[in-house]
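All remarks here apply to the structure that follows.
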Amino acid sequence: MTTPFKIIKKSNGLCGSVTVPGDKSISHRAVIFGSIANDITKVTGFLPGADNLSTIAAFRAMDIKINIVSPTELEIHGQGLHGLKKPTTIIDAGNSGTTTRLLIGLLAAQDFTSTITGDESLQKRPMMRVVKPLRQMGAKIDGKDDGKLLPLTITGSKLHAIDYKSPVASAQLKSCLLIAGLYAEGTTTVTEPMKSRDHTERMLKAFGVDVLVKGDKVSIGENRTLVGTTINVPGDISSAAFFMVAAMITKGSELHINNIGVNFTRTGIKTILEEMTTGVGFETKDKTNGEEEVADITVRSSSLKGININGNKLLPAIDEFPLLPAIDEFPIICVAAAFAEGTTRISGAGELRVKESDRITAMARALTAVGVKVEETEDGIIIKGSADSEGLIKGGTIDSLGDHRIAMAMAVAGLASREGIKIRDSGCVDVSYPDFFKVLGEVSKTCEVSKT
Ligand code: S3P
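Numbering-wise, the sequence shown is residues -10 to 441 according to our numbering.
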């Protein structure tokens, strides 16, 4: 189902402060681990986006009581590792890859049979990456195309541990296997080619589980009992990224972004933008928030320069930056590149083709439609800075393809466009940031007021 369009017009700057909603990855895990913990888990800063509501609905269907105390506060009545009941319905994960892949690992170890499916986009996304290693652990999973695609039917079984060398760096895959490993006989170990976001490891530790981490290798230890706790979810750096770039590309901006999660597996966007800016950058104030670090950031209008970004590189080289800790920020990095002086080359980013949309093609089409010079490659994109002498691109109409991050990235581009940008099917922002357009309008207005 497509939703209405939005038009984003040229802004005279973004001012004031923004507190972005809770981290999507951490919010999912809080619900999953709270549900299989003993006793009550309290969650603050929860993201009430459509994806996270799909996770709540799945656990409610498995008889877990989850009180939504306020939109951002939950009280989860965990029933322990073996307390889930056979779901009353087919589990519908909507648009959420994280709900799906993490739940497949959990469902594989239960003593009931369940079926999981999702929307049109999710039904196209690859599931064999989790089905294959789970089958090696003894899981019984049937589905479309031998289990490559949703819907999948999972017959819970007794699992045994594996030592899995993952061919892809994916936190969803790693987390799926670690969750299955909570139930498996023996020690489950996952080694990744590059370290992906580590929220599962950190949060399982906060719930009292033994998790052993050595570089890119993670194992589930002896103690697997989760004890209810309080999880304070920090703001999502992937949502903050839209405001960082928005403030940089609109003249006359000074924007404070508060309480952002700055776990080092997620701060690639900061590294990349700092390399692209020649002007004033970030001021971070590190605090701690349970198992995750947080910071406040101030971003001002800046001139940007094109750089090379390689998704296959873990450590920053002199002139090349890694993409993995910024994988969800690809669309907004493309927008930053459109406003940079010179050319930005992104390579080693093939994973982007199997996200909520094929994000390489989606961004190539969207940017071309608004007057940016773009060349799509097999595993990336080459973007020529296309802003005019006043720092503006032309503008036009784009299709979000129902992908929340494409809609938000192109809305940001609209703030520095001559003709404005019309975004078709803009309602998809509900997946991760339901108030995005409202907040964007408010900080634009604050700037106009503070200048008069
Ligand atoms: C996520 C992991 C990433 C990311 C997604 C959320 C998670 O996906 O793109 O938005 O919460 O584990 P992959 O694991 O597929 O890289």
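A virtual CB, placed ideally from N, CA and C, is assigned to each residue, including glycine.
All figures in this text were calculated on a predicted structure; none of them were measured in a lab.
- Excluding five sequence positions before and after T44, the CB atoms of its chain that fall closer than 6 angstroms to its own CB belong to H17, V20, T88, given in chain order.
- Residue environment for K362: exposed (fewer than 16 other C-beta atoms within 10 angstroms of its C-beta).
- The shortest C-alpha to C-alpha distance from V207 to any of S159, V234, A284 is the one to S159.
- Within the same chain, I382, K383, G384, G385, I387, A402, S406, I410 come within 7 angstroms of V359 by CB-CB distance, once the 5 residues on both sides are set aside.
- Of the residues I29, G38, L70, the one whose Cα lies closest to the Cα of N56 is I29.
- Taking 7 angstroms as the cut-off, one finds at least one heavy atom of the ligand S3P near enough to the beta carbon of R186.
- When the alpha-carbon of I151 is set against those of G145, C165, S439, L141, the nearest one is in C165.
- DSSP, read as helix, strand or coil, puts I382 in strand.
- In this structure, the alpha-carbon of Y172 lies about 38 angstroms from that of M(-10).
- With contacts defined as CB atoms closer than 8 angstroms, I296 and E264 qualify as a contacting pair.
- About 6 angstroms separates the beta carbon of P314 from that of T254, a gap short enough to meet the 8 angstroms contact definition.
- G175 and N27 do not touch by the CB rule: their CB atoms are close to 23 angstroms apart, not below 8 angstroms.
- Listed as beta-bridge partners of S6 by DSSP are H245.
- Distances between the C-beta of T87 and the heavy atoms of the ligand S3P include at least one below 7 angstroms.
- Excluding sequence positions up to five before and after A169, its CB lies within less than 8 angstroms of the CB of G94, L95, A97, A98, L123, M126, A128, L148, T177, all in the same chain and listed in chain order.
- Look at D100 here: in three-state DSSP terms it is coil, with no helix or strand label.
- Under DSSP, the beta-bridge partners assigned to I412 are K(-5), I387.
- With contact defined as three or more Cβ pairs closer than 8 angstroms, the region 393 to 401 and the region 195 to 213 are not in contact.
- By the beta-carbon neighbour count (other beta carbons within 10 angstroms, threshold 16), K154 is exposed.
- DSSP, reduced to helix, strand and coil, places K137 outside both helices and strands of the structure shown, so it counts as coil.
- The Cβ atoms of N84 and E345 sit closer than 8 angstroms to each other.
- The ligand S3P has no heavy atom closer than 7 angstroms to the beta-carbon of I395.
- Scanning the region 186 to 234 for uninterrupted beta strand (DSSP E) segments of 3 residues or longer gives 200 to 203, 206 to 209, 219 to 221, listed from N- to C-terminal end.
- V179 and N252 have their alpha carbons spaced roughly 20 angstroms apart.
- For the ligand S3P, no non-hydrogen atom lies closer than 7 angstroms to the CB of L139.
- Look at A236 here: in three-state DSSP terms it is helix.
- With a threshold of 7 angstroms, the Cβ atom of Q161 counts as near the ligand S3P, since some heavy atom of the ligand is closer than that.
- The DSSP-derived three-state label of K427 is helix.
- In this structure, I316 has its CB closer than 7 angstroms to one or more heavy atoms of the ligand S3P.
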